[in-house]
Amino acid sequence: MDKFFHIRMLMGILLGLSITHLLKGVVKFVEHPGKDKPYWIHLLWVFYLFLLIAHFWWWEFSLHTLTNWNFLSYFYLIVYTAFFFVSASLLFPDQINDYTGYEDYFYSRRRWFFGALGLTFLLDIVDTLLKGVNHLTHLGNEYLAYILLHVIGCLLAMKIRDERFHGAFVIIVIVYQIIFIYRLYFTLES
């Protein structure tokens, strides 16, 4: 068994748990429609995180080209991947009895959610460098702008409670993420 397969399996488990957590959270709204009040911005962040996880999983296919693995890079990827689960868990806690609904919950926990999400984008830089400087060069300046946009947006979202800001921010990052994925990864390079 090659090392990448072993690493990919553990990453797949963590990402699968993240997606499962998001899907279970959404299904709760169908199962118990009157129990917890959904919030449109929260649901857009759920969709965005789902899209981001799918993108990350695709992105990590580039790791198959690495031949020199060590425990540090392996552990780093586990930590990085775990942040997707942390973000998913922050969007859907086990219960929200202390809150009036997901709007109240989302804004009260926004610092934690956007802190974890922003850190995920910073961790992505090291992940990209693991694939080699040529990979980073191939992505170009747009990649760095992509990271910068997300990190700055997350820092602002941690401070700002305004619904218009959060609505605009999530819509912008969803649209940008879709365009970014389409242009960079519409087909898998051999």
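Numbering (the numbering used here), first residue to last: 302 to 491. Even for Gly, the Cβ is constructed at its ideal location relative to N, Cα and C. Fair warning: this is a prediction, and the values are worked out from it, not measured in the lab.
Apply the 10 Å Cβ neighbour rule to Ala417 and answer buried if 16 or more other Cβ atoms are within range, or exposed otherwise.
-> Within the sequence shown, residue 417 is the residue found at index 116, counting from 1. Around the beta carbon of Ala417, a 10 Å sphere encloses 16 or more other beta carbons of the protein chains shown; the residue is thus reported as buried.
Return the Cβ separation of Leu373 and Ile308 in integer angstroms, given the expectation that the two are a contact with Cβ distance under 8 Å.
-> For the purposes of this step, residue 373 is taken as the residue at position 72 of the sequence shown. For the purposes of this step, residue 308 is taken as the residue at position 7 of the sequence shown. The C-beta distance from Leu373 to Ile308 rounds to 12 Å, too long to meet the 8 Å contact threshold.
Residue nearest to Glu443 in terms of C-alpha spacing, selected from Ala458, Phe481, Val327 = Here residue 443 is taken as the residue at index 142 of the sequence shown, counted from 1. The option with the nearest alpha carbon to Glu443 is Phe481.
Indicate whether Leu323 and Ala389 have their beta-carbon atoms separated by less than 7 Å.
-> Along the sequence shown, one-based indexing puts residue 323 at 22. Along the sequence shown, one-based indexing puts residue 389 at 88. A contact, by the Cβ cut-off of 7 Å.
Would you say Trp359 and Tyr486 are within 7 Å of each other, going by their C-beta atoms?
-> Position 58 of the sequence shown holds residue 359. Position 185 of the sequence shown holds residue 486. Their beta carbons are under 7 Å apart, which means Trp359 touches Tyr486 by this criterion.
Name the residue from Thr429, Leu344, Asp425 whose alpha carbon lies nearest to the alpha carbon of Thr366.
-> The residue you call residue 366 lines up with position 65 of the sequence shown. Put simply, of Thr429, Leu344, Asp425 the residue whose alpha carbon is nearest the alpha carbon of Thr366 is Thr429.
Helix, strand or coil for Lys338, going by three-state DSSP, please let me know.
-> For this step, residue 338 is matched to residue 37 along the sequence shown. DSSP places Lys338 in coil when its eight states are reduced to three.
Measure the C-alpha to C-alpha separation of Phe351 and Asn398 and round it to an integer number of angstroms.
-> Translated into positions along the sequence shown, residue 351 becomes position 50. Translated into positions along the sequence shown, residue 398 becomes position 97. Phe351 and Asn398: Cα-Cα distance of roughly 25 Å.
Does DSSP classify Leu311 as helix, strand or coil?
-> The count along the sequence shown starts at 1 and reaches residue 311 at position 10. Under the three-state reduction of DSSP, Leu311 is assigned to helix.
By how many angstroms is the C-alpha of Ile448 removed from the C-alpha of Gly441?
-> Indexing the sequence shown from 1 puts residue 441 at position 140. Indexing the sequence shown from 1 puts residue 448 at position 147. Near 12 Å, if we compare the C-alpha coordinates of Ile448 and Gly441.
Thr382 by DSSP, collapsed to three states: which one?
-> Counting from one through the sequence shown, the residue named residue 382 turns up at place 81. In the three-state reduction of the DSSP assignment, Thr382 falls in the helix class.
Report yes if the C-beta distance between Tyr403 and His343 is below 7 Å; otherwise report no.
-> For the purposes of this step, residue 403 is taken as residue 102 along the sequence shown, with counting starting at 1. For the purposes of this step, residue 343 is taken as residue 42 along the sequence shown, with counting starting at 1. Closer than 7 Å, so yes.
Does the ligand NAD have even one heavy atom less than 6 Å from the beta-carbon of Tyr477?
-> The ligand NAD is not among the ligands present in this structure, which contains no ligands whatsoever.
Reference Leu391, options Glu464, Met310, Ala469, Ile320, closest by Cα = Translated into the one-based positions of the sequence shown, residue 391 becomes position 90. Checked all of Glu464, Met310, Ala469, Ile320; the closest Cα to Leu391 is Ile320.
May I ask which residues mark the beginning and end of the alpha helix (DSSP H) holding Gln396?
-> Stepping through the sequence shown from its first residue, residue 396 is reached at position 95. No alpha helix (DSSP H) contains Gln396, which DSSP labels as neither H nor E.
Would you mind giving the Cβ-Cβ distance between Val471 and Trp346, rounded to the nearest angstrom? I have them listed as a contact below 8 Å.
-> Working through the sequence shown from its first residue, we reach residue 471 at position 170. Working through the sequence shown from its first residue, we reach residue 346 at position 45. So it is a contact: roughly 6 Å between Cβ atoms.
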